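Here's the structure, in C-alpha cells; my notes come after.
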Amino acid sequence: MLATNFRRIITAALTNFWRNGLVSLATVSVMVLALFMAGSLILFQVLLSSTLDEVRDKIDVTVYFQLDAQEPDILHVKSQLEQLGEVEGVEYVSREEALRLFRERHEGNNLISSALDELGENPLGASLRIQAKDPSHYESIDAFLENGNFTGVDRVNFQQNELVFQRLTSILSAARMGGIGVSVALGAIAFLVVFNTIRLAIYTSREEIGVMRLVGASNWFVRGPFLIEGVFHGLVASLATVFIFWPITLWLGPRAQSFFGGQNLFNYYAENFFIFFLQLLAVGVVLGVLSSFIATRRYLKV
Amino acid sequence: MIYFDNVSKKYNEGSVALEEVSFTIEPKEFVSIVGQSGAGKSTLIKLLLAEERPSSGKIFFESQDIHQLSKREIPVVRRKIGTIFQDFRLLPTKTAYENIAFALEAAGRDDAEIAADVPHVLDLVGLSDRADYFPHELSGGQKQRVAIARALVNRPEVLIADEATGNLDPINTWEIVRLFGKINELGTTVVLATHNKDIIDTIGKRVVTLENGKVVRDEKRGKYVL
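Chains as they are written, first to last, in the working numbering: chain A, -5 to 296; chain B, 32 to 257.
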C-alpha cells in the first residue's frame, strides 16, 4: 500500500515534470542560476582562504639572537613561546644552519663566498621563526618577547614590519567579512527567486490541487508529486551547474592563481568534484522541496 | 443517509447564504435542488463536501457529523461521494483515462482493479475511444462524461451534480440527465442542483426548492415553480 502510493507519487511527479516541459525548463534554469551563484561563492571562499593561508605563511616574527647567545637560552625562549596559545609553531635556525642557508642563497656569487671565507668565522646569529595561528596574534607575541627580558635576544623584527602587518591583517579580515556578507545577501536573493518561480508554477496548479482534494485524495497524495518534482528540479539543476563550472574553472583557474596566488581553482574543482556536486545537490534539493512544501500548503486547505 | 439539521451559513455579516435549512435524503433517492442563482444551492453542496463549514447546525452523512471529522478522515468520506461540477474540474495535465484512474489511486486501489474498472466506466459513459485524449482535446459534453465516469468509478453511495449541465447544449444535457437516471436505477443516490426548468419538469422526482437561503417547498413529485 505504502510502496504503491510511493510509486504512484513518483510516477505522477515524472509525468508532470515531462508534460509541463516549459515550466520545468524555466524552473530548472532559474535554479541553475541560483546554484551557479552558490557554487561561485564556494569557489570564491576556497580561493580567498587558500590565498589567506599562503599570505599568512609568509608572515612571521623572527627573533635574532646575539652571536654569543647560548643554545640552552635559545631553546628556553623556544619552549616558552611554544606554550603560548597564539603560537602555531616555532622554527629554530642555528648559527651553522643560518650560514648554510646564506651560502645557498648566494651560491655563484664569488664575492660573497670569498668574503665569508676571508672572515674565517660565522658572522650570523641564531634565530627563531615564529608562526602565529592568526595574523592578529603577532602583536601579543611581540609584547611577550619584549616583556620577557630573555637573555641573548638581539632584536625582534616585528616592530619593523608592524605597520605592514596591521594593514594586511585588517585587509584580510575585511575581505573575509565582506565575502561572508556577500554570500548571505546573494544566497537570500537566489533563494527568493527560486522560491517565487516554484510558487508561481504551483499557483497555476492551485485548482488542480483543489480538485484532487475533492476527489478524495489525502494531503500527502496531492503534495507528494510536487515535492518529488522539487527533488528533480534540484537534481537536474545541480547536474547542469556542476558541468558548467568545468570550462569556467579551467579558464579562470590559472589566471586567478597568477593574480591572487593561492590554489588553482581547476585543481580544486577536479579533486573535489564529487563533494562540490553534493554541495550543489543539497542546496538545490532543499530549495526545491522546501519551496514546493511552502507553496502547496496554501492550496491544501480545501 | 444525508441529513441537514438546522444549517445556516453566513459568509460575512449581513450576507446569509443558507438559513435554518433542514431536510433528509434517503438512500437511493433522486433529489433535485432548485432555485435561482444565489439561492444557496452551491453553498449547500460545498457544505456537504466539507469544502466550507456551516455557521451553525450540523450535516450528517451516514450518521456521521462531517464537520467533526479530522483532515485525515475527510478524504475517506469524499470517496463515498461522487461530485460533478458545472466547470468539469478535470485535471488538465492528465488524459481522460488518467483522470479517472486518479480517483482510484487516491483511494488506494490496486493496479489490477484500476486496469479493470477504468475501461468499464469509460464504456458506461460512451468514451472508450477517447481514453488517451487530454481534456482540452475533448468537447464540453465529453469532458462532462469523463467527470461523471470519475465520479462513478469509486462506486459512490451518492452522486452530487452541481449545475452539471450548465455549460452544455440541449442534446448533451439530455444525454447526461438520462445517464443520471440510469445511475440512480442502479442504486446510487443522486442529488442534482440546477435552475433548468425543463430538466426538473421532465424528471418528475422529488424537488427541494430554495429561495434566499431557505427551503420553501419540498415535494415528492415536484415541478419547477418559482
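Idealized CB from N, CA, C, for every residue including glycine.
Note that the structure is a prediction, hence the values are computed from the model and not measured.
Taking only beta-carbon atoms, is A/Met171 less than 8 Å away from chain B?
Counting from one through the first sequence, the residue named residue 171 of chain A turns up at place 177. So no, A/Met171 is outside the interface.
Return the chain-ordered list of same chain residues with a C-beta closer than 7 Å to the C-beta of B/Gly235, the five sequence neighbours on each side being excluded.
Here residue 235 of chain B is taken as the residue at index 204 of the second sequence, counted from 1. Excluding residues up to 5 positions away in sequence, Arg252 lie with their Cβ nearer than 7 Å to the Cβ of B/Gly235 in the same chain.
Identify whether B/Asp36 lies in helix, strand or coil by the three-state DSSP scheme.
Your numbering for residue 36 of chain B matches position 5 in the second sequence. The answer is strand: DSSP assigns B/Asp36 an E or B state.
Among B/Val65, B/Phe54, B/Asn37, B/Val108, which residue has its Cα nearest to the Cα of B/Leu80?
Translated into the one-based positions of the second sequence, residue 80 of chain B becomes position 49. Minimum Cα distance to B/Leu80 is reached at B/Val108.
Quick check: what's the CA-CA separation for B/Leu75 versus A/Ser177?
Here residue 75 of chain B corresponds to residue number 44 of the second sequence, with the count starting at 1. Here residue 177 of chain A corresponds to residue number 183 of the first sequence, with the count starting at 1. Rounded to whole angstroms, B/Leu75 to A/Ser177 spans 54 Å at the Cα level.
Cβ closer than 8 Å: which chain A residues qualify as neighbours of B/Phe92?
The sequence position of residue 92 of chain B within the second sequence is 61, counting from 1. B/Phe92 does not reach chain A, its nearest Cβ partner there being about 13 Å away, counting only Cβ pairs nearer than 8 Å.
So that I know if they touch, is there some Cβ in chain B lying closer than 8 Å to that of A/Arg290?
For the purposes of this step, residue 290 of chain A is taken as the residue at position 296 of the first sequence. Looking at the sequence shown, residue 290 of chain A is not Arg but Thr. No Cβ of chain B is located within less than 8 Å of the beta carbon of A/Thr290.
For B/Gly171, report the span of its alpha helix (DSSP H) as first-last.
Here the question's residue 171 of chain B lines up with position 140 in the second sequence. B/Gly171 -> alpha helix (DSSP H) spans 171 to 184.
Could you tell me which chain A residues have their CB closer than 8 Å to the CB of B/Asp141, listed as they occur along the chain?
In the second sequence, residue 141 of chain B corresponds to position 110, counting from 1. In chain order: Thr(-2).
Return helix, strand or coil for B/Leu241, following the three-state DSSP convention.
Counted from its first residue, the second sequence places residue 241 of chain B at position 210. In the structure shown, B/Leu241 sits in a strand (DSSP, three-state: E or B).
Taking any Cβ of chain A, which residues in the region 52 to 85 of chain B have a Cβ under 8 Å from it, in chain order?
If the cut-off is 8 Å between Cβ atoms, the region 52 to 85 of chain B has Leu80, Glu82 near chain A.
With B/Leu49 as the anchor, note down where its beta strand (DSSP E) starts and where it stops.
Translated into the one-based positions of the second sequence, residue 49 of chain B becomes position 18. Note, B/Leu49: beta strand (DSSP E), 46 to 56.
Just to confirm, are A/Leu29 and A/Ser285 a CB contact at a threshold of 8 Å?
Start at 1 with the first residue of the first sequence, and residue 29 of chain A comes out as number 35. Start at 1 with the first residue of the first sequence, and residue 285 of chain A comes out as number 291. Contact check for A/Leu29 against A/Ser285 fails: the beta carbons are separated by 8 Å or more.
Proximity of B/Leu158 and B/Gln175 at Cβ, strictly below 8 Å:
In the second sequence, residue 158 of chain B corresponds to position 127, counting from 1. In the second sequence, residue 175 of chain B corresponds to position 144, counting from 1. No; because the gap between Cβ atoms is not below 8 Å, this pair is not in contact.
Between the region 195 to 223 of chain A and chain B, which residues of the former have a C-beta closer than 9 Å to a C-beta of the latter?
Residues passing the 9 Å Cβ filter: Ser199, Glu201, Glu202, Gly204, Val205, Met206, Arg207, Leu208, Val209, Gly210, Ala211, Ser212, Asn213, Phe215, Val216.
Quick check: what's the CA-CA separation for B/Phe211 versus B/Gly197?
Against the second sequence, residue 211 of chain B aligns to sequence position 180. Against the second sequence, residue 197 of chain B aligns to sequence position 166. Roughly 15 Å between the two C-alpha positions.
In terms of alpha-carbon separation, which member of A/Phe260, A/Val209, A/Ala264 lies closest to B/Leu122?
Your numbering for residue 122 of chain B matches position 91 in the second sequence. Measuring from the Cα of B/Leu122, the nearest candidate turns out to be A/Val209.
Does any residue of chain B have a CB that is nearer than 8 Å to the CB of A/Ala31?
The count along the first sequence starts at 1 and reaches residue 31 of chain A at position 37. Position check: residue 31 of chain A holds Met in this sequence, whereas Ala was assumed. No, its Cβ sits nowhere closer than 8 Å to a Cβ of chain B.
Whether A/Lys72 touches A/Tyr58 by CB criterion (8 Å)
Mapped onto the first sequence, residue 72 of chain A falls at position 78. Mapped onto the first sequence, residue 58 of chain A falls at position 64. No, they are not a contact pair.
A/Thr191 - DSSP class collapsed to helix/strand/coil:
Mapped onto the first sequence, residue 191 of chain A falls at position 197. A/Thr191 falls in the helix class under three-state DSSP.
Quick one: measure Cβ to Cβ for A/Ile196 and A/Ala264, integer angstroms, because I've assumed they're closer than 8 Å.
To locate residue 196 of chain A, count along the first sequence from 1; it is residue 202. To locate residue 264 of chain A, count along the first sequence from 1; it is residue 270. Contact between A/Ile196 and A/Ala264 fails: their C-beta atoms lie close to 38 Å from each other, not under 8 Å.
In chain A, which residues lie with their C-beta within 7 Å of the C-beta of B/Pro106?
On the second sequence, position 75 is the one that residue 106 of chain B refers to. Here the neighbours are Gly210, Ala211, Ser212.
Taking 8 Å as the threshold (C-beta atoms), are B/Ile64 and B/Thr77 in contact?
One-based indexing of the second sequence puts residue 77 of chain B at position 46. One-based indexing of the second sequence puts residue 64 of chain B at position 33. According to the sequence as given, residue 77 of chain B is Lys; it is not Thr. The beta carbons of B/Lys77 and B/Ile64 sit no closer together than 8 Å.
In the DSSP output, which residue or residues are listed as bridge partners for A/Arg123?
In the first sequence, counting from the first residue as 1, residue 123 of chain A sits at position 129. In DSSP, A/Arg123 forms a bridge with A/Thr56, A/Glu85.
Which stretch, first to last residue, makes up the beta strand (DSSP E) that contains B/Ile191?
One-based indexing of the second sequence puts residue 191 of chain B at position 160. Residues 189 to 193.
In the DSSP assignment, the beta strand (DSSP E) including A/Ser107 goes from what residue to what residue?
Locating residue 107 of chain A in the first sequence gives position 113, where the first residue counts as 1. Counted as a single uninterrupted DSSP element, the stretch harbouring A/Ser107 is not any beta strand (DSSP E) but the alpha helix (DSSP H) occupying residues 104 to 113.
Alpha carbons only, please: which of A/Ser107, A/Glu82, A/Gly83 is nearest the one belonging to A/Arg94?
Residue mapping note: residue 94 of chain A aligns to position 100 of the first sequence, counting from 1. For the set A/Ser107, A/Glu82, A/Gly83, the Cα lying nearest the Cα of A/Arg94 is the one of A/Ser107.
Excluding the 5 residues flanking B/Glu83 on each side, which residues of the same chain have their C-beta closer than 8 Å to its C-beta?
Taking the first residue of the second sequence as position 1, residue 83 of chain B is located at position 52. Sequence-distant Cβ neighbours of B/Glu83 in its own chain, meaning closer than 8 Å and more than five residues away, are Lys40, Thr74, Lys77.
Report the residues of the region 160 to 183 of chain B with a CB closer than 8 Å to any CB of chain A, ordered along the chain.
Identification of residues in the region 160 to 183 of chain B having a C-beta nearer than 8 Å to some C-beta of chain A yields Arg181, given in sequence order.
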